[in-house]
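Asks: One structure coming up, written as structure tokens, with questions to follow.
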Ligand SMILES: [Zn+2]
Ligand SMILES: [Zn+2]
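Residue numbers (this note's numbering): 2 to 320.
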């Protein structure tokens, strides 16, 4: 999987856009749209590529970086993500990314704009969603939802995503459009599943959170979750890891995820969990969060419980 990312391929080689047209991830350097869809003259040189001369000691630094960014939230992840889909596409194009997945919280509303922007820049669009998962039975449901990252591998996978979104609103809506385990299993065709962020069932089973106390979380509990998912999704299930050294739970979870990968053979995939496009936009995410709950919480209040130290975007440069 890591090799595939370096080569700029999606895990399932998703090739079809919403229009059924084959997308190719070529010419990422030609990204020219600004956040409002206007042509702009931004820097063509990928921001992460150093300009130092190649040396025998460190030849890789001068090679153009190729990567696929598989977990993004635009402004359509309401009151959480910032910037329109075209800005996310443009930023990944600037960084020489060959493909990008938009995975909004619980909806697919950004996908048409996303496909249009991707077509213009040559970045391959991968259509995905971050589902809210949990019990939907009125006796057992709760406000706490687990997150799960889902990508469409092909047109059949996109239909599965649409089925899941529809059912999440019609049968599972409780505070959020919610998908149950049985809904997932019944609509799994054509999907690639990444285990999810620090709000996922796997992550919280390993280190706690979302109703699981740290004492009852364990490697063994996480191992059971990973194996259950693998039984349902087979080789289309991947362990998602994120590089947030600022977050204590992530520092504890990542070695455990690596161990599950070693012991089960389930491959790992690294994502950025982008919620905006540049580090400075972190401030705007705080403002969006403070608008939730009718504006009763200030950014300062939220900072106490939210890990704002982690930048949810690609780094501005590699230095
Ligand atoms: Zn999440
Ligand atoms: Zn996310």
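In this text, a Cβ means the ideal position worked out from N, Cα and C, and glycines have one as well.
Just so we're clear, the structure is a prediction, and the values are computed from it rather than from any experiment.
Can you round the beta-carbon distance between residue 182 and residue 248 to whole angstroms, since I take them to be within the 8 Å contact cut?
Replies: Residue 182 to residue 248, Cβ: 27 Å. No contact.
Asks: Look up residue 312 in the DSSP assignment and say whether it is helix, strand or coil.
Replies: coil
Asks: In three-state DSSP terms, what is residue 157?
Replies: helix
Asks: In the DSSP assignment, find the alpha helix (DSSP H) that holds residue 290 and state where it starts and stops.
Replies: 283-292
Asks: Whether or not the region 160-177 and the region 117-137 are in contact is what I'm after, with contact meaning three or more pairs of Cβ atoms, one per stretch, closer than 8 Å; do they touch?
Replies: yes
Asks: Which residue spans inside the region 162-229 form an unbroken alpha helix (DSSP H) run of at least 4?
Replies: 182-187, 202-208
Asks: Looking at the unbroken alpha helix (DSSP H) that takes in residue 1, where does it start and where does it end?
Replies: Residue 1 cannot be examined here, being either before or after the span of the chain that is shown, 2 to 320.
Asks: What are the boundary residues of the alpha helix (DSSP H) that residue 301 is part of?
Replies: Per DSSP, the unbroken alpha helix (DSSP H) holding residue 301 starts and ends at 300-304.
Asks: Determine, using beta carbons only, whether residue 271 and residue 226 come nearer to each other than 9 Å.
Replies: Taking a C-beta distance under 9 Å as the contact criterion, residue 271 and residue 226 do not qualify as a contact pair.
Asks: Run through the DSSP bridge pairs and tell me what residue 125 is partnered with.
Replies: Looking at the DSSP output, residue 125 shares a beta bridge with 100.
Asks: Given residue 238, which residues of its chain have a CB within under 7 Å of its CB, disregarding the five upstream and five downstream residues?
Replies: 194, 230, 231, 267
Asks: Is the beta carbon of residue 258 sitting closer than 9 Å to the one on residue 203?
Replies: yes
Asks: Could you tell me which residues DSSP pairs with residue 70 in its beta bridges?
Replies: 101
Asks: Give the single residue among 158, 131, 233 whose Cα lies nearest to the Cα of residue 199.
Replies: When only C-alpha atoms are compared, the closest one is 131.
Asks: Do you know offhand how far residue 93's Cα is from residue 218's?
Replies: 36 Å
Asks: Hey, quick one: how far does the alpha helix (DSSP H) through residue 257 stretch, first residue to last?
Replies: 249-265
Asks: Can you tell me whether residue 322 is buried or exposed? The criterion is at least 16 other CB atoms within 10 Å of its CB, across all chains shown.
Replies: Because the chain in this structure spans residues 2 to 320, residue 322 falls outside the shown range and cannot be described.
Asks: To the nearest angstrom, how far is the alpha carbon of residue 255 from that of residue 211?
Replies: Rounded to the nearest angstrom, the two C-alpha atoms are 18 Å apart.
Asks: Only counting the same chain, and skipping five residues up and downstream in sequence, which positions put a Cβ closer than 7 Å to that of residue 188?
Replies: For residue 188, where only same-chain residues beyond five positions count, the Cβ hits under 7 Å are 161, 164, 165.
Asks: Go through the residues and name those whose CB comes closer than 5 Å to any heavy atom of ligand 1, in chain order.
Replies: 148, 198, 200
Asks: CB-CB under 6 Å to residue 158, same chain, minus the five flanking residues each way: which ones, in chain order?
Replies: 191, 192
Asks: So residue 301 and residue 280 are supposed to be a Cβ contact under 8 Å. How far apart are they, rounded?
Replies: Contact flag wrong, Cβ pair sits at about 20 Å.
Asks: What are the residues that DSSP puts in a beta bridge with residue 270?
Replies: In the DSSP output, where bridge partners are listed per residue, residue 270 has 241.
Asks: Considering Cα atoms alone, identify which of 149, 167, 261, 306 is closest to residue 73.
Replies: Looking at the Cα atoms, 149 is the closest of the given residues.
Asks: Answer yes or no: the CB of residue 74 versus the heavy atoms of ligand 2, is any distance below 8 Å?
Replies: A heavy atom of ligand 2 is found nearer than 8 Å to the CB of residue 74.
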